[in-house]
Every structure is written in structure tokens, then in C-alpha cells.
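J.: Once you've had a glance at the structure underneath, I'll fire off some questions.
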Amino acid sequence: MRLLLVEDNVPLADELLTGLARQGYAVDWLADGRDAVYQGATEPYDLVILDLGLPGLPGLEVLRQWRSGGLTIPVLILTARDSWAERIEGLKAGADDYLTKPFHPEELQLRIQSLLRRAHGQPNQPTLNAAGLHLDEGRQCVTRGSEEIQLTAAEFRLLRYFMLHPEQILSKSHLAEHLYNGETERDSNVLEVHVNHLRRKLGRTVIETRRGQGYLFGGSAG
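According to the UniProt record's numbering, the stretch in the sequence shown is residues 1 to 222, in order.
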């Protein structure tokens, strides 16, 4: 899943980037509200983490411009301000959730998971479930019945995206855009390798290749 982090506090941003990468997210980082308005509206992010106190343009104005422009992706607001008025203002502007600094990294992780599942019509449960598989995002492993299957970091990122989009045809370019950040080389051959690794671990029928279209997860499984 590809996230946009908009935060001008460099030490906090560095900490979040490290933690989010460890959790299998591809993250782009911006520190200026003016840059965020443009990039958030032009790049295919799955979720935005947005600070309110930004240089260039306040976070709330960034959010208002995104929403007025039709951007519907989940936005989680971070702020050091702890007042009900500002929380309400943020929600009215179109925020999906609110987290006040300081916060525990695990709380941020759980809120991100919840927002992503809600955005894709998935129930907010301890594991992500699709095609007879149960993905534990905290442990980055998958189970099928009583069998536990270990995943590499790349396999986990790809499987999580597939499980959030079951029975949908996903092109290689779409997957590359959502699995890698803007600075990463997006090589479709690398995606094919990871798909084949998942097939070896989960079974050939779990991920179907649609020639000229992309991949379909869970169409003939479970």
C-alpha cells in the first residue's frame, strides 16, 4: 500500500518513515502544504497521513482543496493540538480519522489498517481475510486452516494488496504504482517474480493471470 506522509517535523517524519516501511508500506514524504496539494491529487495513494501545522499551506486547507477537487482517499490527521473545536473542524473538512501527538506507533499502525480496510469494504478484524486465507498484518504471515505460511516482506506487501482487492483485475502498472513509492524503480518483472513466489506458497489457482489485463486474486480459490 502506498502512503503519503505530510509532516514538517523532520525527526518525527524520519521515525514514521522507518516504522511504516517496517510495516510494509511504501511512503512518500512531503513537508510543505503547497507540494502536498498537488502531489496528493496527482499520485495514486491509498492513504494520506496529514499534519495540520504545515508551512506553505495549513493542513486543513490542503484537505479542503483535496476534497473539493474530488479526492476521496482516506486521510488521517496528525496534530499537536488537543481541542475538540479543531478535531471537529478537521472532520468537517473531510478527515477520516484524527490522532493527537504524541501517540504510540502501534496506535497509528492500527488506525491505518482500520482506515484501509474500511475504504475497501473489509470488516475491521484482527486479520485480513480473503480466498480462505487469513493475513496477520502485525506478524506479516498468512494462515490457511491450521497451516501457517511465512512470507518475505515483498510477498507480504503484494498479498496484502491482493487481499484488499479480491476478485478484481489489477494490472501490473497499477500494482507497481501502489506497492512502490515515487523514488523506487517499478519493474514489472520483479512483480512477476513475487507473484510466482506467492503461487508456490499458496497454490497456483489463488492468483490468476488475465492475459493483457493483469492479475485476479481469489477468483477461483477457497
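Ideal placement from N, C-alpha and C gives every residue a C-beta, glycine not left out.
#1: Thinking just about the alpha-carbon of each residue, which of Val-206, Leu-216 and Arg-139 is nearest to the one in Gly-23?
#2: Excluding sequence positions up to five away, which residues of its chain have a Cβ less than 7 Å from the Cβ of Val-190?
#3: I'd like the list of long-range same chain contacts for Gly-182, defined as Cβ closer than 7 Å, with 5 residues on each side in sequence excluded.
#4: Quick one: what's got a C-beta closer than 8 Å to Gly-33's C-beta in the same chain, skipping five residues either side?
#5: Smallest Cα separation from Arg-67: which of Ala-41, Leu-99, Tyr-215 and Ala-26?
#6: For Glu-167, which of helix, strand or coil comes out of DSSP?
#7: Can you list, in chain order, the residues of its chain whose CB lies under 6 Å from that of Gly-222, leaving out five sequence neighbours each side?
#8: With which residues is Val-48 paired in a DSSP beta bridge?
#9: Name, in chain order, the residues that DSSP records as bridge partners for His-134.
#10: Which partner residues does Thr-100 have in the DSSP bridge list?
#11: Quick check on the DSSP output: the alpha helix (DSSP H) that includes Asp-35 runs from which residue to which?
T.: Reading from the atomic positions:
#1: For clarity, residue 23 is Gln in the given sequence; the question names Gly instead. Nearest option by C-alpha distance: Arg-139.
#2: Excluding sequence neighbours, Val-190 sits near nothing in its chain.
#3: Asp-28 and Glu-43
#4: If we look at Gly-33 and ignore the five residues flanking it on each side, its Cβ neighbours are Val-6, Leu-54, Pro-55, Gly-56, Leu-57, Pro-58, Gly-59, Glu-61 and Val-62.
#5: Answer by Cα proximity: Ala-41.
#6: coil
#7: Low confidence applies here, because Gly-222 scores a pLDDT of 43, under 50, leaving its location unreliable; read the following figure in that light. Result list for Gly-222: Ala-131 and Gly-132, in chain order.
#8: Leu-4 and Val-75
#9: Asn-129 and Thr-143
#10: Thr-79
#11: Note, Asp-35: alpha helix (DSSP H), 33 to 42.
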